[in-house]
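Single-structure report; data block below.
Residue numbers (the working numbering): 3 to 118.
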């Protein structure tokens, strides 16, 4: 029986399902320490326990989001830090912008690896 995370992919119609599965494989292949979980009902990817990326489908739009975890930010007294998000829209009927996705993920991983 598929997990809830696997069901997220399986319930999507084509070509979104195939595109999501390809994106998952791309993200997971970037680094062996990337993990894949379900959070907020969507697939989230973590690197060493820090938020890295997510996949989201709304109204037949497919988004790949990149997350800069609040742990990367300098603390400011009296200010509650929040994660920073960026996303790109991926058209499932066109080529996946692998260069942009891989570059963003590697940049985030580099930031996490260089935390003091």
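For glycine and all other residues, C-beta sits at the position ideal for the given N, C-alpha and C.
Everything numeric in this text was worked out from a predicted model, so none of it was measured.
- Residue pairing from DSSP places residue 69 in a beta bridge opposite 87.
- For residue 99, the CB contacts under 8 Å within the same chain, skipping 5 residues up- and downstream, are 90, 92 in chain order.
- Here residue 53 is near residue 71, since their CB atoms are less than 8 Å apart.
- Beta-bridge pairing by DSSP links residue 112 to no other residue.
- Scanning the region 10-80 for uninterrupted beta strand (DSSP E) segments of 3 residues or longer gives 36-41, 44-49, 52-60, 63-70, listed from N- to C-terminal end.
- The beta carbons of residue 40 and residue 87 sit no closer together than 8 Å.
- Here the C-alpha atom of residue 111 lies approximately 17 Å from the C-alpha atom of residue 25.
- The residue among 105, 115, 42, 51 with its C-alpha nearest the C-alpha of residue 7 is 42.
- For residue 95, the closest C-alpha among the options 20, 30, 3 is that of 20.
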